[in-house]
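See below for the structure under consideration.
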Amino acid sequence: MILTQYFGKNAKRRSEKNSDNNPKKFYLHEISYLHRARGLCLGFLASLSLYGCVESQQPVEFNAKESKKDIVNHFLNELPNSPSAKQKPFDFTHHGITVSDPWNWLRDPDYPNTDDEDVLAYLKAENAYFHQWLEDYTPLKNTLFKEFKGRLDETETSVPWVNNGYEYKWEYRDGEEYKTYLRKPLGKDDSAYRVFLDAPQLAKGIDYFDLGGFDISPDNQFLAYSVNTDGSERYTVHLIDLNSGKTLPDTVENTSGQLLFTQGNALVYGALETEKWRVESINVHYLGTPSEKDKVLLAESDDGFFLGFESTSDDEYLIIGSGQAEISEYYVVPQSDLSVKPLLLASRERGFNYELDHAHGKFWIVANDKHVNFRIASVEDNAPQYENWKTVVEGSDKTYIKSVQTFNKFLAIKQSVNGLDQLVLRDYDGNESAIDFPESVYTASFFNNPEFEQPHLRLHYESMITPDTVFDYQLSSKTLIERKVKAIPSGYDKSQYETKRLMIPARDGVRVPVSIMHKKGVKLDGSNPLHLYAYGAYGYGMSPSFASNRLSLVNRGVIYAIAHVRGGDEMGYQWYLDGKLKKRNNTFNDFIDVARGLIDKGYTQAGNISISGRSAGGELMGAVTIQAPELWSSVILGVPFVDVLNTMLDATLPLTPPEWEQWGNPIKDKAAFELIRSYSPYDNISATDYPAMLVTGGLNDPRVTYWEPAKWTAKMRHLKTDNNLLMMRMNMGAGHFSNSGRYGRLLDNAEEMTFTLLSHGISE
1 MILTQYFGKN AKRRSEKNSD NNPKKFYLHE ISYLHRARGL CLGFLASLSL YGCVESQQPV
61 EFNAKESKKD IVNHFLNELP NSPSAKQKPF DFTHHGITVS DPWNWLRDPD YPNTDDEDVL
121 AYLKAENAYF HQWLEDYTPL KNTLFKEFKG RLDETETSVP WVNNGYEYKW EYRDGEEYKT
181 YLRKPLGKDD SAYRVFLDAP QLAKGIDYFD LGGFDISPDN QFLAYSVNTD GSERYTVHLI
241 DLNSGKTLPD TVENTSGQLL FTQGNALVYG ALETEKWRVE SINVHYLGTP SEKDKVLLAE
301 SDDGFFLGFE STSDDEYLII GSGQAEISEY YVVPQSDLSV KPLLLASRER GFNYELDHAH
361 GKFWIVANDK HVNFRIASVE DNAPQYENWK TVVEGSDKTY IKSVQTFNKF LAIKQSVNGL
421 DQLVLRDYDG NESAIDFPES VYTASFFNNP EFEQPHLRLH YESMITPDTV FDYQLSSKTL
481 IERKVKAIPS GYDKSQYETK RLMIPARDGV RVPVSIMHKK GVKLDGSNPL HLYAYGAYGY
541 GMSPSFASNR LSLVNRGVIY AIAHVRGGDE MGYQWYLDGK LKKRNNTFND FIDVARGLID
601 KGYTQAGNIS ISGRSAGGEL MGAVTIQAPE LWSSVILGVP FVDVLNTMLD ATLPLTPPEW
661 EQWGNPIKDK AAFELIRSYS PYDNISATDY PAMLVTGGLN DPRVTYWEPA KWTAKMRHLK
721 TDNNLLMMRM NMGAGHFSNS GRYGRLLDNA EEMTFTLLSH GISE
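Note that UniProt numbering gives residue 671 to position 671 of the sequence shown, counting from 1, and the numbers run on in steps of one.
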């Protein structure tokens, strides 16, 4: 359900936009306001996770007389005249502890405007340095881009879905960066399809274009859509009369991007604070009236809480939620009458998370009040208060219940058992069955299921070697019907690859899952280059998913591995709790111990492991770079949350108050201050040797502000004692998600993979 991606038990710092997997309404991507990343297809969580290739290529052979370190240095040495950020004295004292930060000036004093000449000059100098290095490796970058583009279905079309009397689909048109959306009356042939939202046309002449969300009114006459054009994630809402094709004068500025039409053509949206990037109220706009007269349905005054909303699956209720990492609170309003005061189900309480849906006069609730892995409860909608909740499915140590979606004849339950996805269908008499899948290690999730009456569950399935597949599961026959397999035009032979799951013990004895993909026939003699990726925060688990660009690594002999470290929720909700606050170091230890475990098993050797992480995963990359630099051949820190202490001390930043539940509050708590300072990557850079690094950022990023990667780069370059390459690529016209178009993202990925391959001595 949408709301859990705003806050609650599945609170996630996402890094990706997922425009396919739309639940009840047409939300193009989930905006997880509590977190510094969002999700997304999982590939963009780290740009490296989109890596792929077509041609089968042999890895470059190392010269037996040349050490691995020498080969790396040949490609990734610092260039002459690297940028140097000046130092300006700046100290602050907190809890009696004085901290010096001479690169504090890189935060523009006029932020969120960034117009300081010295700041801009430094960022531009770093970009010039990056492109100077890249110029020598343009052939490899172009080869990778060609490979990526070759397996991109440039005229991809979605599986059609039905909603409110119409059949919908989207399609990519050849050469276009963005999707075109079409619909036709149900029962008409395909010639009746008409474009109702032309994103390529809307994006013409715009460098950055982000279609935040859209919805169509219940009477099928009006379209509302939201757009952001600078990466700041502040969206403007526009409306179109679909009968006439005319754009209405109605506009709503400064919204979250999420939209929902309710009965009577009332448009619900999230209103952002003027100064802070936080949803301060859920409002309703009535067509034909000025936005200044929009009604506030629910407001949130606590800076530590964020608001979200959605429709129940049966369209009976509007759900409005307020929450943060481990606290959620939900209100419901009948969609037939938004003037009714929102009704609270259960008030906020630390450690208590829940979510809900509705069907047949009852709310169906997933809650962790009785068990850390959540139970399913139900309650009559005429008296839905907490004291009336009745358990339907007990919580258990083995099964982690993640979400529930209601349909007319069944409940669809997403859960995991021993860290592996499981989808269960349960009828309202209590009979249930789990869907069987062909592989032992895979990813499965609900897909686009907008029709409450539909007799099937549409789902998404993939593994590290199985491309994205859409199935319809027919409840009556208990069969999977394949609707779409993501095409790879340049070819893909699954039989050439192997995937497996390992369990590697961490230093405290806890076994950490690791998902691995490689070409068949790999010898475990320690000679293989390996790329290791992880996220490890906010209870957002990294699924063993397919990423076609990743083949460009694997076909060149690189083993690809995902470390499912604590801080995510791969092994249950406790897995998340064991990687936050006072237990944050478990995340870093897990990653390092996984790397050493892979070395012990013969997959690779120290110094031949490239690593990457994005956003909160970038914090992980920074920490392990500081703690075990000798293990890594290179590090990519994507929009990295590396200045943890300074950020958590700044309550004026919109993401700081809610994130005290993740990291601790160093303003009030000296112990939290000392703990964060002990691992905050920026605060622990020292005069020693580090591996080659590529750091990325976005000037307009509201989640990880641009000065975090900038300060990290400046301080690291000043203190490090090696001659390994250190670069920063700052996107001056985007935010947390860099390039918005599909080809622009491929180019970003090609640049990053060029860096990674060269760190392994692979130059073609």
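Just so you know, even glycine gets a beta-carbon here, dropped at the ideal spot from N, CA and C.
Taking the alpha carbon of residue i as the point to measure from, which residue in the options has its own alpha carbon closest?
i: proline 654; options: Glu329, Tyr181, His360 and Phe305; result: Phe305
i: alanine 325; options: Met693, Tyr540, Asp101 and Leu260; result: Tyr540
i: serine 552; options: Lys149, Gly231, Asn589 and Leu425; result: Lys149
i: residue 821; options: Arg745, Asn739, Gly735 and Asn731; result: The structure shown does not extend to residue 821, since the chain is modelled only from 1 to 764, so the question has no answer here.
i: methionine 728; options: Leu699, Phe452, Gly744 and Leu746; result: Leu699
i: isoleucine 599; options: Leu524, Gly361, Thr705 and Pro455; result: Leu524
i: glutamate 78; options: Asp689, Ala734, Ala628 and Trp707; result: Asp689
i: tyrosine 400; options: Val119, His371, Ile562 and Ala383; result: His371
i: proline 89; options: Ile97, Trp103, Asn81 and Pro83; result: Trp103
i: arginine 194; options: Leu211, Trp170 and His360; result: Trp170
i: glutamate 453; options: Ser328, Ala367 and Asp315; result: Asp315
From the DSSP output, in three-state form, read off residue i for me.
i: histidine 95; result: coil
i: valine 639; result: coil
i: isoleucine 626; result: helix
i: glutamine 415; result: strand
i: glutamine 605; result: coil
i: glutamate 61; result: Interpretation of glutamate 61 is limited by its pLDDT of 30, a score under 50 that renders its predicted location unreliable; no figure is taken from the coordinates.
i: phenylalanine 44; result: Confidence at phenylalanine 44 is low in this model, with a pLDDT of 28, below 50, so its placement is unreliable and the value that follows should be read with caution. If DSSP states are grouped into helix, strand and coil, phenylalanine 44 belongs with the helices.
i: arginine 550; result: strand
i: leucine 524; result: coil
i: asparagine 163; result: strand
i: leucine 318; result: strand
i: leucine 757; result: helix
i: histidine 131; result: helix
i: histidine 718; result: helix
i: arginine 729; result: strand
i: aspartate 427; result: strand
i: aspartate 70; result: Low confidence applies to aspartate 70: its pLDDT is 44, below 50, so where it sits in the model is not reliable enough to give any reading.
i: glycine 597; result: helix
i: serine 477; result: coil
i: asparagine 589; result: helix
i: threonine 138; result: helix
i: phenylalanine 196; result: strand
Pull the bridge partners of residue i from the DSSP assignment, please.
i: leucine 459; result: Phe446 and Phe471
i: isoleucine 685; result: DSSP, once it has assigned bridges, lists no residue as partnering isoleucine 685.
i: glycine 613; result: Leu637
i: serine 100; result: Asp91
i: methionine 464; result: DSSP lists no partner for methionine 464.
i: valine 485; result: Thr469
i: serine 226; result: Gly213 and Val237
i: tryptophan 170; result: Tyr181
i: glutamate 78; result: Glutamate 78 pairs with nothing; no bridge assigned.
i: threonine 391; result: Ala377
i: phenylalanine 261; result: Leu267
i: glycine 323; result: Phe306 and Ser328
i: aspartate 723; result: The question names aspartate, but residue 723 in the sequence shown is asparagine. For asparagine 723, which the question treats as bridged, DSSP gives no partner whatsoever.
i: tryptophan 632; result: Ile609
Assuming residue i contacts residue j under a Cβ cut-off of 8 angstroms, what Cβ separation, rounded to an integer in Å, is found between them?
i: leucine 267; j: alanine 224; result: 5 angstroms
i: valine 379; j: tryptophan 389; result: 5 angstroms
i: asparagine 608; j: histidine 736; result: Not quite, the Cβ-Cβ distance comes to about 31 angstroms (not below 8 angstroms), so this is no contact.
i: proline 640; j: tryptophan 712; result: 7 angstroms
i: proline 529; j: leucine 637; result: Wrong, their Cβ atoms sit about 19 angstroms apart, outside the cutoff.
Item to check | Sufficient close CB pairs (3 or more, under 8 angstroms) joining the region 159–170 to the region 213–220 | outcome: The answer is yes - the region 213–220 touches the region 159–170, with three or more Cβ pairs under 8 angstroms.
Checklist entry - Are three or more beta carbon pairs between the region 689–700 and the region 654–668 nearer than 8 angstroms? => result By the C-beta criterion, the region 689–700 is judged not to be in contact with the region 654–668, since fewer than 3 inter-stretch pairs fall below 8 angstroms.
Checklist entry - When the Cβ atoms of the region 678–686 are set against those of the region 703–722, are three or more pairs found closer than 8 angstroms? => result Because the criterion of three Cβ pairs below 8 angstroms is met, the region 678–686 and the region 703–722 touch.
Item to check | Stretch-stretch touch, CB-based, cutoff 8 angstroms, three pairs: the region 376–393 with the region 435–446 | outcome: Counting C-beta pairs closer than 8 angstroms gives fewer than three between the region 376–393 and the region 435–446, which falls short of the contact rule.
Item to check | Inter-stretch contact (C-beta, 8 angstroms, three-pair minimum) for the region 488–501 and the region 571–578 | outcome: Not touching, per the Cβ criterion.
Next on the checklist: Could you check whether the region 305–314 touches the region 336–347, counting it as contact only if at least three pairs of C-beta atoms, one from each stretch, sit closer than 8 angstroms?
Outcome noted: No, the region 305–314 does not touch the region 336–347.
Checklist entry - Between the region 500–515 and the region 472–490, do three or more beta carbon pairs fall short of 8 angstroms? => result Contact between the region 500–515 and the region 472–490 is absent: fewer than 3 CB-CB pairs across the two stretches fall below 8 angstroms.
Next on the checklist: Does the region 471–485 come into contact with the region 556–576, if we say contact requires no fewer than three beta-carbon pairs (one atom in each stretch) closer than 8 angstroms?
Outcome noted: Cβ pair count under 8 angstroms is below three, so no.
Checklist entry - Are at least three pairs of beta-carbons, each pair with one atom in the region 231–244 and one in the region 198–217, less than 8 angstroms apart? => result Yes, they touch.
Checklist entry - Should the region 321–340 be regarded as contacting the region 244–251, the criterion being three or more beta carbon pairs within less than 8 angstroms? => result Remark: fewer than three beta-carbon pairs, one from each stretch, lie closer than 8 angstroms, so the region 321–340 and the region 244–251 are not flagged as touching.
Next on the checklist: When you compare the region 450–460 with the region 468–476, are there three or more beta-carbon pairs, one atom per stretch, that lie closer than 8 angstroms?
Outcome noted: Touching, per the Cβ criterion.
Next on the checklist: Would the region 352–369 count as touching the region 333–341 if we require 3 or more Cβ pairs under 8 angstroms?
Outcome noted: Short answer: they don't touch.
Item to check | Stretch-stretch touch, CB-based, cutoff 8 angstroms, three pairs: the region 620–629 with the region 671–678 | outcome: In short, these stretches do not touch, since the Cβ pair count stays below three.
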